[in-house]
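Residue numbers (my numbering), protein chains in the order written: chain A, 301 to 828; chain B, 97 to 618; chain C, 1144 to 1415; chain D, 8 to 320. All C-beta atoms in this analysis are idealised placements derived from N, C-alpha and C, irrespective of residue type, glycine included. All of these numbers come straight from a predicted model, not from anything done at the bench.
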């Protein structure tokens, strides 16, 4: 790592502080802060792949559980993607491809799903995958097992499953049939939950799955190590060993990156990306998050649609992007991220262009001619959202609204803001599974996750139609209509689907982006 | 004239300390005297007369940037003279301890608290000359017994805080004498000790002078001590030598009047201060019947009550001055504190006609709150008892200041800027602000210089007459008792062993302990 | 003979520097209260991470805000926090220290045990408890640090009282009829001034550092307001691309703390 | 002997108080561990079920005593987040924090004692002024900032160590120590500054006492006076100060662990608090409490050993 001009400059200035040489002195040529902006060229070097090798991936969130059905944190699921597979699994374009099941057949009335088991699929402990294992796994995550383990997270969407049975088909192959009580055309998106061996108790400490990598070891707060699964049925991964190294925060991880002992770092901020040059490529894609200034529709003054619309006009979204992400990131107008191209309703994006006069006019109509006071609650561990809040506070001043930021801890946000709905406005990023209904289901007036207390009968009716709809085109039309309703109601001030940067060492290639939280290491390889 | 050889000579030496900035402020000027080999020379003078500074200059221990400004100090080393004040620290370190040894006044703090006595004495052998380990221990033990310490083996392993003042001073002497130095400088070696122990220590010094032929320079403000040890003496005042000569001639017919005044104050030949013997006018204002005072002691956890004052009984009449005398630890201060109400653990009866009698303590520096002004301190008693308005209080204080011989201008000053004598005057003034007839005086003058003692005693008598006060005067100094008290109680180990009229007790003491006390008096 | 002649003038040379440093900071703070070159929270995308220039003598931060104005505003806030914290710690500490030192016995035992409990209790948890009780913001961090600072003051005052209560002037006061409370707070307290002074200056240093630590763990001052500590933790991410961002608050903290310690050293020496 | 028993009793009492305080703290602060365990989309019934199984719905006194009985047997139950027994989690973290403490305390003593003595011997001299200036400046630098600067200078520019590359003691002990030196320096430096100042004032105070004059009159050189006589006396007040420093470091300096990415007790406690993982926090608080109290206890014993005047018969 040859010495960096900039580093020495930084060293001199910092030494200035510690030895109190006095005065900030002349700073010479530090004007071009971002020399060699590495962010534009995201050319992935497609050299010739080399089998084998170890890599270290930097992550900043510790794992909440190694048992796939007990982990809900996105940070855990995206790493466990390499160890576990469902009957079906998403590919890089967002479609569901057969995995443990060789193929899927959905009955005409959409009430029964039959999966034929792929032959020769082995668990990491060498045992062959049987239909019973699949039934056990699906029932466990659907909450249909006799003894329910309270720590297992039951996916609510699977509540429409009435029974899951194993049997043999005509040609002697093992099949699993899932029968439903009510139709849900998007059920397949939820059936990616992990298949695990039936009577294996030690899943939480030594997880066993069917994925391309096998679990080796895990030290809390430090690292998780996995190695190549030799008898993987699919295309075998290139790498021998992958270590996921947990760093205290993005800054510490960034220092490790600079020192060169992390090969891939997926949580780069735009600022850090601009400082990286030399031997890293910066891949960028979208984070698949809906970041918005969520308004509590039940809380005065946000129960008045005119106030909500005024807020939308008063927030200058492009400026937010410039401020917090150097202009990167895609603007959104409703609760859907651009990654879901098929369902994304592009024409609501610019429904509320930045217009201070209009905002003031609306506020006056609503009876707040000289604005009002409000608070923005932000979870303190997401600096990205905190920065966004600071920009919004400045912008709202133009229309006379004085906003105060209140940083809270994540658990406090969960209980007080999310579940308790005791807040005026909040800024977070909402993610979702690979199903459009999952993105929008929170807006149904009866949904327990409806922390905005948004109520609109028309929305509820169309949502029900959308789920039941089997014809694809009609389903798309419904979802776009739903997005339009939200935008018209100005349920919240939808801002962006943030850009995400991944630093990949120049020695590596093959890092692929998925439209959801996944770090697929099986496609990464060393370049000759 | 072998004998004529001077071991140490100071030729008009003047020592100075740095004032703020660069200027050197001379403390002693033109000091010249000599001491012959094997002789014992005394240096007399009040504190601040420059006696210690001159001696410290000889061995280069001045500290605080002090230097010998002019003149030189010559020391006989074998045949030829060496100039001490021009020697480097390295050379001086060889002389210190080996040729010239020193012992100091405060045995409590002059020994290293965290090192055993044995090791501190042994260090001398380590520093000068080399003798093997076992040999060293033997010599130390021999030396410890030679200075009269009981059971040297046990003392060897003990720490300074486990010994009494006298034993510690003996250890100091053992340390100084183990290398048989040519010259021993003793700076007020006995001032902090009791009278009986004082006599023993001086005997020890004389023994070494005779047996080892050590030359001794004894610094003291106590003329009695000088007369009992030294053959010649030098009188110093204000940094200059006022007079010097044989002890006999010097003490019989002193030439300079300063020496005269010094002698008069010391030997109590001055006018007897007490007026006609106070007849017991009317009722006793204090009557004490088999009064005991206890101290609570925590010996590893268990609380035990130790009886310090054992069933004493006496009466005090109004206007009388009664002395209580005895060695430290005999319970005289405990009695006084108990009577004042400072120690609740008492038995028997002690009814005092006036409530909360006041007390004057020994240490002038401790008895006045350093953070307050004199005026505030003196108005405190009036404030506490809500006597008069602010103006009246202020007037009363100024009047009292005049009475105790301090002017009005002292009102705003703070204790730090006053001398010991002046502070004691303020303490007395505070004590009598409330016009309480009964006053307890716990060694009020012991910490003061002889001349200042004199003034305070005169003041006490004047105030007694003016306010009709009754004094309980506690002291270990028989001279002071003799000059001011009407009656005296002699206390020994918590009991009053003898009491009676002062002249009568002094002329023919009955109890053997009183005889010993009077015997020790010079 | 060899004692450094310069001993007396190093003392006031240090003092002069100390006062100079603190007055520079005070200048920033006082002016900052009334006027700052720009609005401390005014941002502009165009001016992100600009190095020090004539327009912005201390440069701009990652939000395009003028660092000089933020430092002036932040220094004021940090000063407020550390001074009030020390005040709380001092008053409570003196009360606890006085009672434990003067009375001893059970009072001493109980209060000292509470003291130990407070010292070994993680201040972070305490901070979160306070946040949930009185909400976020400066008041929270002042309350937390104030409480956390009580034990150190209490311990110093206690040891001083144990020494002072044995002296004759206290007995004298008791004889004159002064009550315990009067003795404690009118007679003994003024004598603890020198010790208290040096503890206060040390306390101020630690308060500033503690506030910086708290902000680093995002428990301190709420954005967009700034304190020197929060600016420093924000600057951490941009240490390489915009080192001047850390320089301004860093220097300010060093100036303040250095100034205070030099002054305290000389106060200690003057009437030590 | 009674003295020691009294000390132990007070130690237990304080520990009990800390645990009680932590329990109450967790009742006051919002955030439900079951909810933070199951995450955003968990159904309310599922959250309720988990609360039931973790015993969170029992009354406070009931939970406190069940926890207490466990703690007495050394079993703090399982961590909500990691599912592992708390003892195992803590002991793994313990080695990091203990080694960090040992290294930094060693550094503090090794550097500040000689420095302190040099300062006091040449009081007012050039060396003294420089050392004082540097130490006072270093005292003024916040810990996390010092950590970053060290990482920058020694990690990235001089490449003496790979920043963030924490090596477990088990794997390669040499590498572990080499890495730990730098966080230890980050912790030690401000403490060294304070100790030097403390020692200097203490030595200067001792130098004014009479026994030093006696030592000099016995012919000791200035150096001998300092090392053989004054140092031991001057160290007595420093010991109590060191007690506070050691307790502070052993309690895990959270900030330095965060900057150097060390999985120590401090960071475990922070993550446990922010995940409302009660058992881990309780155990952590008990650990820190006992560490502080035990260190004070040892300081007392050391005090008696060094200063015979205080020795309890």
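Could you list which residues in chain D have their beta carbon closer than 8 Å to that of residue i, in chain order?
i	result
residue 521(A)	100, 270, 274, 275, 278
residue 224(B)	226
Secondary structure at residue i, three-state DSSP: helix, strand or coil?
i	result
residue 724(A)	coil
residue 647(B)	Absent from the model: residue 647(B). The displayed extent of chain B is 97 to 618, so no value can be given.
residue 712(A)	helix
residue 190(B)	helix
residue 595(A)	strand
residue 658(A)	helix
residue 233(B)	helix
residue 680(A)	coil
residue 672(A)	coil
residue 330(A)	Caution is warranted here: a pLDDT of 32 is assigned to residue 330(A), below 50, making its placement in the model unreliable, and the coordinate value is therefore given only provisionally. Coil, per DSSP.
residue 341(A)	Any reading at residue 341(A) must be qualified, since the residue scores a pLDDT of 39, below 50, and its modelled position is unreliable; the value itself is stated next. Looking at residue 341(A) - three-state DSSP - the assignment turns out to be coil, as it is neither helix nor strand.
residue 1399(C)	helix
residue 336(A)	Only weak support is given to the placement of residue 336(A): the predicted model assigns it a pLDDT of 34, under 50, and the value that follows is read from those uncertain coordinates. Coil.
residue 1349(C)	helix
residue 487(B)	helix
Going by DSSP, what residues sit across from residue i in a beta bridge?
i	result
residue 106(B)	129(B), 169(B)
residue 405(A)	414(A)
residue 554(B)	Answer is none; residue 554(B) lacks a bridge partner.
residue 446(B)	384(B)
residue 600(B)	BP columns for residue 600(B) are empty, so no partner.
How would you list, in chain order, the residues of chain B whose beta-carbon sits under 8 Å from the beta-carbon of residue i?
i	result
residue 240(D)	208, 209, 210
Please compile the residues from chain D whose C-beta is within a distance smaller than 7 Å of the C-beta of residue i.
i	result
residue 1404(C)	143, 146
residue 205(B)	216, 217, 218
Give me the chain C residues within the contact set of residue i, using Cβ-Cβ distance strictly less than 7 Å, ordered along the chain.
i	result
residue 32(D)	1268, 1272
List, in order along the chain, the chain B residues whose C-beta lies closer than 9 Å to that of residue i?
i	result
residue 1334(C)	465, 466, 467
Closer than 7 Å between beta carbons: that is the criterion. Which residues of the segment 1248-1280 of chain C meet it against chain D? Of all residues in the segment 1248-1280 of chain C, 1256, 1259, 1260, 1262, 1263, 1264, 1265, 1267, 1268, 1271, 1272, 1275, 1276 have a Cβ within less than 7 Å of some Cβ in chain D.
Touch test, the segment 1293-1313 of chain C against the segment 463-471 of chain B, Cβ-Cβ under 8 Å, three pairs minimum: Counting Cβ pairs under 8 Å, three or more are found: they touch.
Interface residues of the segment 691-711 of chain A facing chain D [CB-CB below 7 Å]: Listed by position along the chain: 709, 710, 711.
Residues of the segment 372-386 of chain A with Cβ closer than 9 Å to any Cβ of chain C, in chain order: Under the 9 Å Cβ criterion, the segment 372-386 of chain A contributes no residue.
Specify whether the segment 559-571 of chain A and the segment 401-418 of chain A touch according to this definition: at least 3 beta carbon pairs, one from each stretch, less than 8 Å apart. Taking a cut-off of 8 Å on C-beta distances, the segment 559-571 of chain A does not touch the segment 401-418 of chain A, as fewer than three cross pairs fall below it.
Three or more C-beta pairs below 8 Å linking the segment 132-144 of chain D and the segment 163-181 of chain D: Segment contact: the segment 132-144 of chain D against the segment 163-181 of chain D, fewer than three CB-CB distances shorter than 8 Å; contact not assigned.
Three Cβ pairs or more, each shorter than 8 Å: is that satisfied between the segment 446-463 of chain A and the segment 397-405 of chain A? Contact fails between the segment 446-463 of chain A and the segment 397-405 of chain A, because fewer than three Cβ pairs, one in each stretch, are under 8 Å apart.
Given a limit of 9 Å on CB to CB distance, which residues of the segment 1296-1326 of chain C reach chain B? Within the segment 1296-1326 of chain C, contact with chain B at the beta-carbon level (separation under 9 Å) is assigned to 1310, 1311, 1312, 1313, 1314, 1315, 1316, 1317, 1318, 1319, 1320, 1321, 1322, 1325.
Using a beta-carbon distance cut-off of less than 8 Å, what residues from the segment 548-570 of chain A approach chain C? Flagged, chain order: 550, 551, 554, 558, 569.
Any contact of the segment 1214-1224 of chain C with the segment 1170-1182 of chain C, i.e. 3+ C-beta pairs under 8 Å? Enough Cβ pairs lie closer than 8 Å, so yes.
Identify each residue in the segment 134-164 of chain B for which the Cβ-Cβ distance to at least one residue of chain D is less than 7 Å, and report them in chain order. So the close ones are 155, 157.
Residues of the segment 168-198 of chain B with Cβ closer than 8 Å to any Cβ of chain D, in chain order: Across the segment 168-198 of chain B, CB contacts with chain D closer than 8 Å involve 185, 186, 189, 190, 191, 192, 193, 194, 197, 198, in sequence order along the chain.
Taking 8 Å as the cut-off, does the segment 356-365 of chain A touch the segment 691-705 of chain A (at least 3 CB pairs, one atom from each stretch)? Touching, no.
Between the segment 293-309 of chain D and chain C, which residues of the former have a C-beta closer than 7 Å to a C-beta of the latter? Listed by position, the residues of the segment 293-309 of chain D near chain C (Cβ gap below 7 Å) are 295, 296, 299, 300.
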